[in-house]
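K.L.:
Those sequence lines, one after another, are chains A and B. First residue of the first sequence: 1, per full-length UniProt numbering; consecutive thereafter. First residue of the second sequence: 1, per full-length UniProt numbering; consecutive thereafter. Here a beta-carbon is modelled for each residue, glycine too, at the ideal position from N, C-alpha and C. Because the structure is a prediction, the values reported are computed rather than measured. Please see the structure below; I have some questions.
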Amino acid sequence: MYLPEQDTHLLNEFDIDLLRIHSLETFGTHDGPGIRMVVFVQGCQFRCLYCQNPDSIDIHGGILVTIDELVSKALKQKAYFGKVGGVTVSGGEPLLQRTKLIHLFDCLHEHGINTCLDSNGRVLDDNTKELLDRTDLLLLDVKHINQEWHKKLTSLTNTTTLKIAEHRESTGKPMWLRYVFVPGWTDQEEYLHEWARHFSDYKTIKRVEIIPFHQLGKHKWELMNMEYALTDTPSPTTEALENAKAIFSLYLDNVTIK
Amino acid sequence: MKNLVESMKLNVGVWKDSINVHDFILQNLKSYEGDASFLVGPSYKTIQLWDVCKESLLKERENDGCLAIDTKVISNITSFGPGYIQKENETIVGLQTDELLKRSMKPFGGIKLVESAVAEKGLKVSDRVVDIFNYAKNHNQAVFDAYDSEIKTFRSKHVLTGLPDNYARGRIIGDFRRVALYGIDRLIAEKKLDKVKVSDEMSDAKVRLREEIAEQIKALQDMKTMALSYGIDISKPATTAHEAVQFTYLGYLSAVKEQDGAAMSLGNVSSFLDVYIQNDIESGIIDEVLAQEYIDQFVMKLRLVRHLRPGAYDAIFGGDPTWVTEAIGGQLHDGRTKVTKTSFRFLQTLYNLGASPEPNLTILWSESLPQGFKDFCAQVSIDTSSLQYENDDLMRNNRGSDDYGIACCVSYQEIGKTIQHFGARANLPKALLLSLNGGREEAEGVQVVSGISEMDDEVLDYDTVMKSFGKTLAEVARVYAKSMYIIHYMHDKYYYERAQMALIDSNPNIDIAYGAAGISIIADSLSAIKYAKVTPVRNEYGLTTDFNIDGDFPKFGNDDDRVDTIAQEVTKIFIDELRKHKTYKNSTPTLSLLTITSNVMYGSNTGATPDGRKAAEAFAPGANPMHGRDVNGAIASLNSVSKLNYNDAQDGISYTFTMVPKSLGNNLEEQVANLTTTLDAYFGRNAHHLNVNVLNKETLLDAYNHPENYPQLTIRVSGYAVNFVRLSKAHQLEVISRTFHDTM
């Protein structure tokens, strides 16, 4: 199976009350603070070589759910969100359905539920800005700082991603940066320095998460008959991760390894 | 008493003039709002002593789970001389027999069971003891003298199972704190006064009570004698922390020397002992190391309690449990927390001595508990999987007392004021099958219940089934109540718990604790009948052997009201039926949704059910959803269970919950925060009980294959904890097959 770039605007324009999702997680503890309901949306333009959920790329895949249904599910779990948890929208790439998410986040806020957006920062327009206004915490995945490497890794550039970081910084609202550490792909020391240095003046970054690459997504690539380029890539060593953490920590606070 | 009050700077109150430990707690409790940072590791003596114990425990395991049996002595409070582990290192003394882990015979529950347990180990009960029972009667004999044929059929056809009719009922918690607070002489004097008050015109009840109090007084005298054999005088109140711990333990020890009830809880002693401990620390008599040593060594002793059990017993109560249940934490009605530094010290034993199923440490969870304590509990759960949690806000307000312990696994019991009579449990899926088979038992077609119409419907109709099931439940309740009346009448007569009862008010209120197994199968079965098309497959005798299910249906454990309300409804129908019947000593019916490990045995005795469960497949434990059917994640599963109404199941609603560590968060700090939030949320929805396991399936599989590497691996099952490697292989596999909430 080959997934060329798709007309992703379709995702955003369809019925405002319907969201195309891949799956739901009801006790998410790894995508934002506390216990969260995580909505994995369907559809992504990035073609990350290490993608753990290649089945969430196709904009025609997944299932359609109503915003109402998602809100009522979140309400049933609200007690478990406690003081810091809430709802995270991850993916896929949430920004491809930004208009609908504005609606979702408004509904969640009406019920006092914290909102979190986990994004690779693909699209920046007025709708994105509106959505970010309603996003209590942005988890921004900056996959590589070097343009060429970023393209090799994801098939697209990081230009918009960095612009979104800049925009978020201008609003003063908090964000966490996420970085998937892949041996041979994202472990070059010079670029680790460059990546962290790029954000060193940012005031809105509250946490930086280094996420070690693992092979758990591999079987999905095989299931989908897609060519998986990282078959022989090992998981990073603790030493390499600690080193990356040390480099990031030269420029940024609160760096953690997931 | 006056000297004690002055030297300990105690606040006086009504506790001084009457037996009232609750008031003593109210006046003297030293609530602690801080964190765990003050705790210390084990003392040198504790380490030495525990090493000796660990060696013996290993030998016990290698010897098929039983180190030695005394086949000559009938065990009571005084029948064994003093026993020691290693005298020079023992701060708290007292063993059930004269040797570590040696088991003794307590045959008044049933001599037959004792004989078979002894025979299984290749030994023989001494001729003298056998001969005694040619003259003396025991509980088991007496019950069967009084049983009628109906009860026997219900019993042999596994509708009522695990009835305490051939073993001791247990569950009665003495207020062991009384030994330390008042001393035996004062307790005897009060009991004598109580006896005098039972006078004038006699009735059966009065005569019985006079005899009971006389037995209690003898037990108190025996306790004093037994303590003296260790060189300890418990006739007067304890005056130091060391004495308080030691006296309390000797009270408990008296009970387990004479009784081998299925579950013999300790109560809620930690915050009582804390008064003495903090007092001695403040006076400079002891330091934290010594304080911890007392608790470590006390808990060590509790871990070594053993009863003689036959192999068959393991099917109902797997892993050789004793349920030395200690309730820790909770709040007072006046808003103060019962958490003390000694609450922490009890939990610390799980680090100082390693993880352990006993004592069965139970956290009384309240939203208002100090955060430092909540966090430490969560950390201990994550590290040891040895704790269970119960809803203090719910029990305290619903049941009334703020001085209660947990009887057996999960059941509220006001300490020293009320007791409960253990009622084993009814097999609800079996009852459902009776109602689908015209009252005949599904395996052999024996008529168990009469007056149930044969059902020859092709497709089962919900209303028809509910009507028939309701009728069957009424019959089950009627026979169940009858059997309990007989059992408890005879247990009082032939195996009265005089040691525990001596430490309880003389005419306490009693709960009769009925039980029900298989609620999630019932909910799913009835849901299948209602929302899908269920066609019974019947054999040549017209008995159901299987069910064809066409279409999907809502399943318990997914936060779906359509099925969750069925579980609520059936629970209510059953307790309402039970409440219609007369009870022994006018006890109050309660109901538990709890199975211990008998869910495996119930399964193997029950045919296929309309939910798609095949014949002989295990039930889910307690009120758990069936394995693998709660597919909407942990919260949905918790929400379904929390909907079961405590008012209809005041004896307890047990949910055993297993999480993979990583699923709780990325690091310990996050995991602790997320677990405490989960507990707050779950209990905030009026849920009653939660067993928390935090472990990986791989660990259990490895322990299954290499038990020698996991001597202390502890897991929570239904309402208690076990050493995983001491479970039968069948039980181990059942535990491994349960839902592990990982990708939630």
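Pick out whichever of B:Phe272, B:Asn89, B:Leu428, B:Glu367 has its Cα sitting closest to the Cα of B:Ile415.
P.N.:
B:Phe272
K.L.:
Quick check for students: name the residue ranges of the beta strand (DSSP E) that lie wholly in the stretch 291–348 of chain B, counting only runs of 3 or more.
P.N.:
325–329
K.L.:
Given that A:His30 touches chain B, what residues does it touch there, using C-beta distances under 7 Å?
P.N.:
Asn666
K.L.:
For B:Leu123, which residues of its own chain have a beta-carbon under 7 Å away from its beta-carbon, when the five flanking residues on both sides are left out?
P.N.:
Ile69, Thr71
K.L.:
Output yes if chain B places a C-beta closer than 8 Å to the C-beta of residue 259 of chain A; else output no.
P.N.:
This structure does not reach residue 259 of chain A, given that chain A is present from 1 up to 258, and the question cannot be answered.
K.L.:
Apply the 10 Å Cβ neighbour rule to B:Met202 and answer buried if 16 or more other Cβ atoms are within range, or exposed otherwise.
P.N.:
exposed
K.L.:
Hey, A:His109 and A:Arg134 are a contact pair by Cβ (cut 8 Å); roughly how many whole angstroms apart?
P.N.:
The beta-carbon separation of A:His109 and A:Arg134, rounded to 7 Å, stays under the 8 Å limit for a contact.
K.L.:
For A:Glu242, return the contacting residues in chain B, with the cut-off set at a CB-CB distance below 8 Å.
P.N.:
Within 8 Å Cβ-Cβ: nothing; A:Glu242 doesn't reach chain B, min ~15 Å.
K.L.:
With 8 Å as the threshold, decide whether the Cβ of A:Ile35 is near any Cβ in chain E.
P.N.:
The structure shown contains no chain E; its protein chains are A and B.
K.L.:
According to DSSP, what are the bridge partners of A:Glu209?
P.N.:
A:Arg178, A:Thr256
K.L.:
Between the C-alpha atoms of B:Val118 and B:Leu95, what's the straight-line distance to the nearest angstrom?
P.N.:
20 Å
K.L.:
Give me the Cα-Cα distance between B:Arg726 and B:Thr349, rounded to the nearest whole angstrom.
P.N.:
Spanning the two alpha carbons is a distance of roughly 21 Å.
K.L.:
When the cut-off is 8 Å and only beta carbons count, does B:Arg186 lie next to chain A?
P.N.:
no
K.L.:
When you check each C-beta in the stretch 68–79 of chain A against every C-beta of chain B, which residues fall closer than 7 Å?
P.N.:
Lys76, Gln77, Ala79
K.L.:
Report yes or no: is there a C-beta of chain A within less than 8 Å of the C-beta of B:Gly372?
P.N.:
Not flagged as an interface residue toward chain A: B:Gly372, since no C-beta distance is shorter than 8 Å.
K.L.:
Report the option in A:Gly82, A:Thr159, A:Asp201 whose CA atom is closest to the CA atom of A:Asp253.
P.N.:
A:Asp201
K.L.:
Which term fits A:Pro234, buried or exposed, when burial requires 16 or more other beta carbons within 10 angstroms of its beta carbon?
P.N.:
exposed
K.L.:
In three-state DSSP terms, what is B:Met744?
P.N.:
Legend: pLDDT at B:Met744 = 35, less than 50; position of this residue unreliable, no value from coordinates given.
K.L.:
Check each residue of the stretch 383–402 of chain B: if its Cβ is closer than 8 Å to any Cβ of chain A, include it; give the result in chain order.
P.N.:
Cβ contacts with chain A: none found.
K.L.:
Rounding to the nearest angstrom, what Cα-Cα distance links B:Arg478 and B:Ala142 in this structure?
P.N.:
21 Å
K.L.:
Assign B:Ala312 to buried or exposed, taking buried as 16 or more other Cβ atoms, counted over all protein chains shown, within 10 Å of its Cβ.
P.N.:
exposed
K.L.:
Please list, in chain order, the chain A residues whose beta carbon lies closer than 8 Å to that of B:Thr656.
P.N.:
The premise fails here: B:Thr656 is roughly 17 Å from chain A at the closest Cβ pair, so nothing lies under 8 Å.
K.L.:
Span of the beta strand (DSSP E) holding B:Asn360?
P.N.:
Element bounds for B:Asn360: 360–365.
K.L.:
Per DSSP, what kind of secondary structure is B:Gln86 in: helix, strand or coil?
P.N.:
coil
K.L.:
Quick one: give me the first and last residue of the alpha helix (DSSP H) that B:Cys377 is part of.
P.N.:
Looking at the DSSP string, the run of the alpha helix (DSSP H) that includes B:Cys377 is 371–384.
K.L.:
Any Cβ of chain A within less than 8 Å of the Cβ of B:Glu670?
P.N.:
yes
K.L.:
Give me the Cα-Cα distance between B:Met490 and B:Ala168, rounded to the nearest whole angstrom.
P.N.:
11 Å
K.L.:
Note down, in chain order, every chain A residue with its Cβ under 8 Å from the Cβ of B:Ala431.
P.N.:
Correct list: empty, because the minimum Cβ distance to chain A is about 32 Å.
K.L.:
Cα-Cα, which of A:Tyr50, A:Pro54, A:Pro33 is closest to A:Gln42?
P.N.:
A:Pro54
K.L.:
When burial is assigned at 16 or more other CB atoms within 10 Å of the CB, is B:Ile285 buried or exposed?
P.N.:
exposed
K.L.:
How close, in whole Å, do the beta carbons of B:Asp233 and B:Thr78 come, if the pair is a contact with beta carbons under 8 Å?
P.N.:
Contact flag wrong, Cβ pair sits at about 16 Å.
K.L.:
Got a sec: is the Cβ-Cβ distance from B:Ile653 to anything in chain A below 8 Å?
P.N.:
no
K.L.:
Please decide whether A:Glu110 counts as near chain B, where near means a Cβ-Cβ distance under 8 Å.
P.N.:
no
K.L.:
With a threshold of 8 Å, are at least 3 pairs of Cβ atoms found where one atom belongs to the stretch 589–603 of chain B and the other to the stretch 724–740 of chain B?
P.N.:
yes
K.L.:
If we cut at 8 Å on Cβ distances, does A:Gly85 have a partner in chain B?
P.N.:
yes
K.L.:
For B:Thr656, which option in B:Val694, B:Thr676, B:Gln650, B:Arg685 has the closest C-alpha, if you only look at C-alpha atoms?
P.N.:
B:Val694
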